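Heads up, the sequence shown is in my numbering, so the first residue is 19 and it goes up one at a time. Every residue gets a Cβ at the ideal spot worked out from N, C-alpha and C, and that includes glycine. Everything numeric in this text was worked out from a predicted model, so none of it was measured. Take a look at the structure below.
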Amino acid sequence: MPEARSAAGSGLNAYNGRLVHAHVILNPAAGRGAAARALDPIVREFRRQGWAVEAERTDHPGHGVALAAAAVRSGARCVVAVGGDGTVHEVANGLLRQATGGVGAPLLGVVPMGTGNDFAKLVGLYRHAPVRAVQRLVTARTAAFDVGHVLDEYFVNSAGIGFGAEVVRVRNAMPGLSGFLSYLVPVLRAFARFRPPRLEVRASGFGETGYMMMVEICNGTTAGGSYRFAPAARPGDGRLDVCVVRRVSLARFLLAIPRVMRGTHGTMREVALFQTRRIMLRSLEGPLVLHLDGELREPAARECTVRVEPGRLNVLVAR
């Protein structure tokens, strides 16, 4: 599991006295409805562990942002996102918009109930059943994670332009898929109609203009569930890991898929991997289309700057 800076002390008690309250924000649609059924077991387990619990459900896109911000304003010290990476994205944005980072800032906990659960991999809770995730959260350590910021929004795991955003668009139109197929099938279908955009990419020590398959800007190691775009990324090192993939043929694309899943794509001639604190992206043919933690964004802008904000998010990491 990637390392991150300790937020304060070696555990919850050292961080915030005796922390015994969880404000749970649950997306009932996550896990194809499994999250809704998991709410009662999650609440019972927190209470069995001696924690008080307040639980709320999201009911529309963006609701998690508002609920998390309101929880912070009401004094919540630990906000737990129950759902997939989209739910984590919303809850983290609510926390980050309402509070500054550092010692005393609210903690983010995660009970993974999505398909990819990329952020859960960073906090040691990937593939944990809900009750088991709660058991590990109550004994977790605290860590300060970096976040990315672009177009007035934060991302906690990855942001991307090009093919990654197109895959998100295709996957959103195919809600019936589940498991690994929900990531592989949209990738293959998206490629059939995707035309690499002409982009300008500028960062310290890197500059390139041309037709690019994708630019993935990572705080975590994986995106899209199984794709290790940034195998060396660490969420608390103060840098973003960037994967640039230039235009490729179908044959090279099919060859690249298993290599990206293994994290061995860095030696391909079409790939550039580097670290940066700030990166500028400019679309030379039309407005930008991005994803932020797997959430599609289509601003009218043709240019954006992505920057890292070191140590902004205090997170519960399973021991």
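- Task: Flag this pair as yes or no: are the beta carbons of V219 and I297 separated by less than 9 Å?
- Result: Working through the sequence shown from its first residue, we reach residue 219 at position 201. Working through the sequence shown from its first residue, we reach residue 297 at position 279. Contact: yes.
- Message: So within the segment 223-266, which uninterrupted beta strand (DSSP E) runs reach at least 3 residues, ignoring any that extend past its ends?
- Response: 224-236, 258-264
- Rounded distance between the beta-carbons of V90 and I43, thought under 8 Å: Sequence index remark: in the sequence shown, residue 43 carries index 25 (1-based). Sequence index remark: in the sequence shown, residue 90 carries index 72 (1-based). Not quite, the Cβ-Cβ distance comes to about 11 Å (not below 8 Å), so this is no contact.
- Message: Applying the 10 Å Cβ sphere with the 16-neighbour rule, what's the burial state of F198?
- Response: Here residue 198 refers to the residue found at position 180 of the sequence shown. F198 is exposed by the Cβ-count criterion.
- Item | Counterpart residues of T160 in DSSP-defined beta bridges | Against the sequence shown, residue 160 aligns to sequence position 142. According to DSSP, which records beta bridges pairwise, T160 is partnered with L334.
- Just how far apart, CA to CA, sit L299 and V83? Looking up residue 299 in the sequence shown gives position 281. Looking up residue 83 in the sequence shown gives position 65. Roughly 26 Å separates the two Cα atoms.
- Query: Can the beta-carbon of V152 be found closer than 9 Å to that of F64?
  - Reply: In the sequence shown, counting from the first residue as 1, residue 152 sits at position 134. In the sequence shown, counting from the first residue as 1, residue 64 sits at position 46. For V152 and F64, yes; Cβs fall inside 9 Å.
- State the CB to CB distance for the pair N237 and G166, rounded to an integer number of angstroms; the pair is presumed to be in contact (CB under 8 Å). Against the sequence shown, residue 237 aligns to sequence position 219. Against the sequence shown, residue 166 aligns to sequence position 148. That belief holds up - the Cβ atoms of N237 and G166 are roughly 6 Å apart, short of 8 Å.
- Message: Please report the straight-line C-alpha distance between L143 and R66, rounded to a whole angstrom.
- Response: Reading the sequence shown from its first residue, position 125 is the one you call residue 143. Reading the sequence shown from its first residue, position 48 is the one you call residue 66. Rounded to whole angstroms, L143 to R66 spans 20 Å at the Cα level.
- Message: Tell me the residue span of the alpha helix (DSSP H) that contains H81.
- Response: By 1-based counting over the sequence shown, the position of residue 81 is 63. Its alpha helix (DSSP H) spans residues 81-91.
- What's the call for A161, buried or exposed, on a 16-neighbour Cβ count within 10 Å? By 1-based counting over the sequence shown, the position of residue 161 is 143. Burial call: buried.
- Item | Where M298 sits in the DSSP three-state scheme | By one-based count along the sequence shown, residue 298 stands at place 280. M298 falls in the strand class under three-state DSSP.
- Task: Note down, in chain order, each residue of its chain lying with its Cβ closer than 6 Å to the Cβ of E327, except the 5 sequence neighbours on either side.
- Result: Locating residue 327 in the sequence shown gives position 309, counting from the first residue. So the list reads V165, H167, once near-sequence residues are dropped.
- Message: Going by DSSP, what residue range makes up the alpha helix (DSSP H) through A274?
- Response: The count along the sequence shown starts at 1 and reaches residue 274 at position 256. Element bounds for A274: 268-280.
- Item | Delimiting residues of the beta strand (DSSP E) encompassing H283 | Translated into the one-based positions of the sequence shown, residue 283 becomes position 265. Neither: H283 is in no beta strand (DSSP E) and is coded neither H nor E.
- Put A221 into one of helix, strand or coil per three-state DSSP. To locate residue 221, count along the sequence shown from 1; it is residue 203. Strand, per DSSP.
- Message: Contact defined as beta carbons within less than 8 Å: I believe T76 pairs with G102. What is the distance between those atoms, to the nearest angstrom?
- Response: The residue given as residue 76 occupies position 58 in the sequence shown. The residue given as residue 102 occupies position 84 in the sequence shown. With a Cβ gap of about 12 Å, T76 and G102 do not count as contacting.
- Message: Using 8 Å for Cβ pairs, my map puts R265 next to Y229. What's the rounded Cβ distance?
- Response: Numbered from its first residue, the sequence shown carries residue 265 at position 247. Numbered from its first residue, the sequence shown carries residue 229 at position 211. Correct: roughly 4 Å between the Cβ atoms.
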